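Okay, structure first, notes after.
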Amino acid sequence: MLEWSLFADCDCIRNVVLPLTVCYVLLRFCCFVWTQVKLVLIYARKPSFDFAGAADGGFALITGGAGGIGRSCAIEFAKLGINLFLIDYSADILSKTVSELRKINPKIKIKSKVMDLTKLMTEEDVYEEFKSDIDAEKIGILFNNAGIAETKLFNYAESTYGEITNLVKINIGVPALIDRIVLPQMLSRKKGLIMNMGSASAKTPVGALPLYGASK
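What follows is the structure, encoded as structure tokens:
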């Protein structure tokens, strides 16, 4: 009886479990490929959105605007004649980016602010000062670009308290607070644009970056 049961279990694994596992893996692979295809199509397609119209003569506020995608976005906005308000934690890189943008379009207004955005979540006086700075300007576009990922890849179990809380603050808390700051003026004008930086890892889980994917 035991021998027959063992063979029966083997048949079950071969005829049911194995095909289901293969189908699941193929499905996940297809989902991953489709996500990448959509990203390529988005970037390859010429944008038709009127960003200058959304800005309406105001500023495009970009967090993490000194480098990477934030910098690239700032360059494109500068070419469109959109005023820029860049925020970044690195004074040197931010200064270089601002100088570069002034050469690209000397006619636009460029404001910059060096700060650690996580302090918006922990220090109310920093938040109130930041809010006053933003309220004093007409913000037509907000691009929540700043973000961080795990530093210990494939080893989330050893992430520290500070690493986890900082990631949650930057990727979730800070965008929520800045959205709350700019929304009233956008609603009063009945015009404005808020963009949040996403990630393919939000659609296709990446084992190396579990919390980052969830936060996106």
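Convert by adding 9 to the 1-based position in the sequence shown; the result is the number in our numbering. Glycine is no exception: its CB is placed at the ideal position from the N, C-alpha and C atoms. Note that the structure is predicted; figures quoted are calculated from it, not measured.
- The alpha carbon of Ile148 has as its nearest neighbour, out of Phe58, Tyr221, Leu196, Ala75, the alpha carbon of Leu196.
- A buried status is given to Pro184, since no fewer than 16 other beta-carbon atoms sit within 10 Å of its beta-carbon.
- Distance from the Cα of Phe58 is smallest, within the candidate group Pro214, Ser104, Leu202, Pro219, for Leu202.
- Straight across, the Cα-Cα distance linking Thr160 with Ser141 is about 33 Å.
- Rounded to whole angstroms, the separation of the alpha carbons of Asp101 and Tyr33 is 48 Å.
- Closest in C-alpha terms to Ile91, from the list Lys112, Phe38, Ala69, comes Ala69.
- Val123 carries a strand assignment under DSSP once its states are collapsed to helix, strand and coil.
- Note that the C-beta distance between Ala83 and Leu126 is not below 9 Å.
- Looking at Gln45, Leu27, Asn154, the one whose alpha-carbon comes closest to that of Thr213 is Gln45.
- Between the alpha carbons of Glu132 and Ile190 lies a gap of roughly 16 Å.
- When DSSP reads this structure, Met130 sits in no beta bridge, so it has no partner.
- Under DSSP, Asn205 takes part in a beta bridge, and its partners are Asn153.
- As far as DSSP is concerned, Leu220 takes part in no beta bridge.
- According to DSSP, residue pairing for Thr30 in a beta bridge does not occur.
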